[in-house]
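Written out below as structure tokens is the structure these notes cover.
Residue numbers (our numbering): 17 to 157.
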């Protein structure tokens with residue numbers, strides 16, 4: 017009778033290339049995931065950085081029924097933390113003026129913005145006959 021030997025040698029080897037691929041794919045996945053979470057974070061999106069000019073006669077405003085119109089240093093318009101184009105801003109203000117004739121407007125302008133942006137907004141406000149307009153400033157110490 018012939019004896020057939022079976023080999024029971026197990027070859028255990030970890031390929032470092034496969035492990036490197038797995039770690040690299042995980043790194044890419046988490047990097048993209050966290051950058052998307054940071055980019056589209058609602059608290060980060062709605063924040064507008066404004067440096068108001070200083071005035072010695074600044075007083076605080078009373079009343080809650082007013083629109084806050086902000087002009088950034090880049091010349092972008094935001095109304096109550098919602099970005100608007102120049103045309104969209106005019107349509108929005110006209111609609112609000114029709115709904116409420118005693119509309120109040122608080123104008124917050126960054127101290128580094130171009131004066132032409134301020135003039136165009138003031139012209140728009142004058143054209144729409146909005147009379148209750150306040151300009152925001154920081155009181156000098």
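We treat Cβ as the ideally placed atom computed from N, Cα and C, and that holds for glycine.
(message) Could you check whether residue 108 and residue 95 sit closer than 8 Å to each other, using their CB atoms as the reference points?
(response) The answer is yes: Cβ separation under 8 Å.
(request) Measure the beta-carbon distance from residue 122 to residue 102 and round it to whole angstroms, keeping in mind my assumption that it falls under 8 Å. (result) That belief does not hold up - the Cβ atoms of residue 122 and residue 102 are roughly 19 Å apart, past 8 Å.
(request) Just confirm the distance between the C-beta atoms of residue 93 and residue 82, as a whole number of angstroms; I'd bet it's less than 8 Å. (result) Not confirmed; about 16 Å, so no contact.
(request) Rounded to whole angstroms, what's the CA-CA distance from residue 127 to residue 120? Just pull it up for me. (result) 22 Å
(request) Using the Cα positions of residue 150 and residue 113, report the straight-line distance between them to the nearest angstrom. (result) 16 Å
(message) What would DSSP say about residue 43, mapped onto helix, strand or coil?
(response) helix
(request) Would you grab the beta carbon distance between residue 87 and residue 137 for me? Rounded to a whole angstrom, and I think it's under 8 Å. (result) 6 Å
(message) Only counting the same chain, and skipping five residues up and downstream in sequence, which positions put a Cβ closer than 7 Å to that of residue 133?
(response) Closer than 7 Å at the Cβ level, and outside the excluded window around residue 133, lie 87, 91.
(request) For residue 52, count neighbouring Cβ atoms within 10 angstroms of its own Cβ and tell me buried if that reaches 16, exposed if not. (result) Exposed: under 16 other Cβ atoms inside 10 Å.
(message) Is the beta carbon of residue 129 closer than 8 Å to that of residue 89?
(response) yes
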